[in-house]
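One structure is given below, encoded as structure tokens.
Numbering (our numbering), first residue to last: 1322 to 1935.
Written out as structure tokens, the structure is:
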């Protein structure tokens, strides 16, 4: 039976089977094996070094289901840093919900799924082997019937709106801290959620508060329940006319709001192509109206707990803001601010005078290249003149006369000394230095003697505001502030019959009263200086500043004296007298007028031009 099956073919039929030449098959197999061995040996000889022995590979990696699963777990392990809620993470790691054992270990994390800045950690329990899901952030419902959203994502996007940065800037910060970034779609979703909450809750709430305040002060709603509310605005003001101009007293408030908007919606970045622009402006409006607490209100409206750290920061910023407001309202701060402003303006004016014109429309066409204030003239860099040469120059000019020194009177407590304080006032036809005297009035301390005289001016009398605010504040009544006699009576009542209760000692000590003789000599000096200033103003107007004109007049020089020096000695005489100490006051090392080469050059060029025209 067994022999019969030997005649079956491959198809299963009984056939006559031909005998195969097995010797040829064996030879073929031996030849193939020999060729294979020779080929492998030749490859090995080519690749191995002379001093290195060839060792065949012994470790062969075979991927099985178990090894593949371990590789996936290793690749899915968390890398880098994370932002986590400590309480939420502690609660998730406290115990396993399956076996009630704990705590869970972070070393058993098998997988992490990222949802923006939030994470779901899949941790295997070391006691029962079950997989637990631990979240790193709390979640809230997005909208009335929306999906659950993680708090950390909404908070981070609201922080971006508050600080004025966008999605790329925010992800740049995260990448530097080695934190997984947030996708653009997730960022925009959270931005719409937070921005609409700011618009719909904080801003609307502020409008309602303002409406209630307007009704309390007497405003009545119209038929549409709309209440008129006064507000300040900013715009491009007109240059002519006084009806509507920028002097409204609201500029600082408007500029402060513009600064807040610019910090959250910078002009150098384009947020106007989407609703992000509206959300950022809404944040600026809310911060201006409510303060930094608008963020806590927004988070509460979204069902998110702001947290103790956020509330502490808001309270600190509120205290800082209130402190700054109180400090800036104080009289000391306002005085210091005015001092700094005045010092800065004077510094700018002084620099402009020293440097000359540095910016002007078509300045390159209007300034002559040969006579600019920056032209260097080596002849002005002359050393001090000898005393005899300077004395020969000063023969043609009046001697130097300094201003008389006035010593204040000290109050004498001796009862035998009597002080008769006289109050006087003047009325002029206008303000400024073109004013003319209209009335002169005086009254003594006892009010037993008074004087009032009117003078007819050459020009019309202008109307200006009354300055009786102090009198009204002290006595709750007004007076005729445009009558000199009424003015001195009001001043007498303020000084001696008001709650100020000033004594003679206070007035004499703080008013720095001086003797009559010294005051008379000082007035003579001022009258002479004024006359000299008039001679210089008509000639050197525009060449040098008004302050320098007064300084030349204070040294006793007139325009005729400078002209005489220029005619006799040229520029050497002018420079020698103006830039050197006078011979009759050798104790002082200060020049008679100035050593500024720019000013000296302007004066010299002026007189040289006059000489050339003659």
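Glycine residues also receive a C-beta, built at the ideal position from the N, C-alpha and C atoms.
Practice problem: Give the DSSP bridge partners of residue 1758, in chain order. | Solution: 1749
Quiz item: At what residues does the beta strand (DSSP E) containing residue 1461 begin and finish?
Solution: 1460-1462
Quiz item: residue 1709: which of 1870, 1905 and 1673 sits nearest, CA to CA?
Solution: 1905
Quiz item: Does the pairing of the stretch 1537-1549 with the stretch 1623-1640 give three or more beta-carbon distances under 8 Å?
Solution: no
Quiz prompt | CB of residue 1812 within 8 Å of CB of residue 1771, strictly | solution = no
Exercise. Determine the closest residue to residue 1532 out of 1549, 1519 and 1829, with distance taken between C-alpha atoms.
Key: 1549
Quiz prompt | Simplified DSSP state of residue 1774, which is helix, strand or coil | solution = strand
Quiz item: What do you get for residue 1503, buried or exposed, if any count of 16 or more other CB atoms within 10 angstroms of its CB means buried?
Solution: buried
Practice problem: Identify whether residue 1415 lies in helix, strand or coil by the three-state DSSP scheme. | Solution: coil
Quiz item: First and last residue of the beta strand (DSSP E) that includes residue 1455?
Solution: 1452-1456
Practice problem: List the endpoints of the continuous alpha helix (DSSP H) containing residue 1473. | Solution: 1472-1484
Quiz item: So, helix, strand or coil for residue 1400, using DSSP?
Solution: coil
Quiz item: With contact counted as at least three CB pairs below 8 Å, one residue from each stretch, are the stretch 1491-1506 and the stretch 1585-1602 in contact?
Solution: no
Quiz item: Taking C-alpha atoms, which residue in 1615, 1850 and 1673 lies nearest to residue 1724?
Solution: 1850
Self-check item: Range of the contiguous alpha helix (DSSP H) that encloses residue 1884
Solution: 1880-1890
Self-check item: Sequence-distant residues of its chain with Cβ nearer than 6 Å to residue 1419 (five each side left out)
Solution: 1449 and 1451
Quiz item: Leaving out five residues before and five after residue 1372 in sequence, what residues of the same chain have Cβ atoms less than 7 Å from its Cβ?
Solution: In this prediction, residue 1372 scores a pLDDT of 49, lower than 50, which makes its location untrustworthy; no coordinate-derived value is stated.
Practice problem: Check residue 1921 in the structure and name its three-state DSSP category. | Solution: helix
Exercise. Could you check what DSSP says for residue 1990 in three-state terms: helix, strand or coil?
Key: Lying outside 1322 to 1935, the shown extent of the chain, residue 1990 is not represented and no answer is given.
Self-check item: contact_flag[the stretch 1760-1780, the stretch 1714-1728] where n(CB pairs < 8 Å) is 3 or more
Solution: no
Exercise. Please classify residue 1515: does DSSP put it in a helix, a strand, or coil?
Key: helix
Self-check item: Terminal residues of the beta strand (DSSP E) in which residue 1443 lies
Solution: 1439-1445
Quiz item: Is residue 1435 helix, strand or coil when you go by DSSP?
Solution: strand
Exercise. Just the C-alpha distance for residue 1636 and residue 1642, rounded to the nearest angstrom, thanks.
Key: 10 Å
Exercise. With distances taken Cα to Cα, identify the nearest neighbour of residue 1916 among 1474, 1869, 1409 and 1886.
Key: 1869
Quiz item: Closest by CA to residue 1611, which one among 1398, 1581, 1757 and 1828?
Solution: 1581
Quiz item: With a cut-off of 8 Å, do at least 3 Cβ pairs link the stretch 1875-1890 to the stretch 1848-1867?
Solution: yes
Quiz prompt | Residue environment, residue 1458, which counts as buried when at least 16 other CB atoms sit within 10 Å | solution = buried
Quiz item: Taking the alpha-carbon positions, what's the residue 1715 to residue 1671 distance?
Solution: 30 Å
Practice problem: Using three-state DSSP, classify residue 1616 as helix, strand or coil. | Solution: helix
Quiz item: Counting pairs of beta carbons, one from the stretch 1516-1528 and one from the stretch 1600-1619, are three or more of them closer than 8 Å?
Solution: yes
Quiz item: For the 8 Å Cβ check, are there 3 or more pairs between the stretch 1476-1494 and the stretch 1414-1429?
Solution: no
Practice problem: Measure the alpha-carbon distance for residue 1486 versus residue 1833 and round it to whole angstroms. | Solution: 60 Å
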